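According to my numbering, the residues represented by the sequence shown are 2 to 212, in order.
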Amino acid sequence: MAPTDDYVLGKSLSDSVRGILVVGDMKVADILDLAKELPQASQLHGLDISDDQFPLRRLWPYNYDVVHIQMWASTIKAGDVEPLISHVVKLLKPGGYIQWEEADLVHPVIKGAKAQKFGEKVPVLFRKASDIHNRLQQAILTILSSKRDNFQSFLAQKCTETYLLALAEIFRDLLPLLSECETELQELCALRNKEMVYNWSPIKVLAQKGE
């Protein structure tokens, strides 16, 4: 790492981090690739929502230096992220870090007249997903970094396609909303490769547990 780099976890990260837990939404191949970049003394564990995938209890590590969470708030019933945060804090060593990446559905990036019209009809979904930094602060964690980004232009169309498909799944659980928006959603799907953009805003938060 160059001396001028300003990486928020510190320039001695590779020397100090020994245990990393990745919770949900990461492929096995991604974890294996990441493991190649870490010192051999490091341990990298990946878990999904099902405890059927957990190792034997006697093999569980005590605590982690870093817990990485991605795309969880929108899947939690009623958006209640506090229990998740409480459990994650227990997994951290004193001074450990939570890296949280989430989809902000409250502040979408929209381009195109039909997309704008559709966006006005869609209710605000998963408000708590856009408020992760405040939830972490309430858990007495120190926020080191928090930002809302836009996808790079070459990713916008693929992300639009992914988001529209996800909305179709969400609407199936909300039948009145589905009947009202289904036609317009289908029209947007047909326009997804024609300069129309309908993206969520990616959020990235880094927080630290007290010593």
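All C-beta atoms in this analysis are idealised placements derived from N, C-alpha and C, irrespective of residue type, glycine included.
All of these numbers come straight from a predicted model, not from anything done at the bench.
For residue 132, which option in 59, 203, 189, 196 has the closest C-alpha, if you only look at C-alpha atoms? 203
In whole angstroms, give me the CA-to-CA distance for residue 153 and residue 59. 44 angstroms
Pair within 9 angstroms by beta-carbon distance, residue 52 and residue 20: no
For residue 213, which option in 46, 38, 22 has the closest C-alpha, if you only look at C-alpha atoms? Outside the displayed span of the chain (2 to 212) sits residue 213, for which this structure offers no information.
Out of 73, 77, 71, 45, which one is the CA nearest neighbour of residue 64? 45
Please classify residue 165 as buried or exposed, where buried requires at least 16 other C-beta atoms within 10 Å of its C-beta. buried
Helix, strand or coil, according to DSSP, for residue 140 in the structure here? coil
Closest by CA to residue 137, which one among 57, 168, 205, 112? 205
Please classify residue 173: is it buried, with 16 or more other beta-carbons within 10 angstroms of its beta-carbon, or exposed? exposed
Beta strand (DSSP E) runs wholly inside the segment 89-118, at least 3 long, in chain order: 93-112
Could you tell me the distance, in whole angstroms, from the CA atom of residue 38 to the CA atom of residue 101? 20 angstroms
Three-state secondary structure (DSSP) of residue 200: strand
Does DSSP put residue 148 in a helix, a strand or coil? strand
If you measure between the beta carbons of residue 123 and residue 182, is that distance less than 9 angstroms? yes
Under 8 angstroms by Cβ, that's how I've got residue 103 and residue 130 pegged, so tell me the actual separation to the nearest angstrom. 5 angstroms
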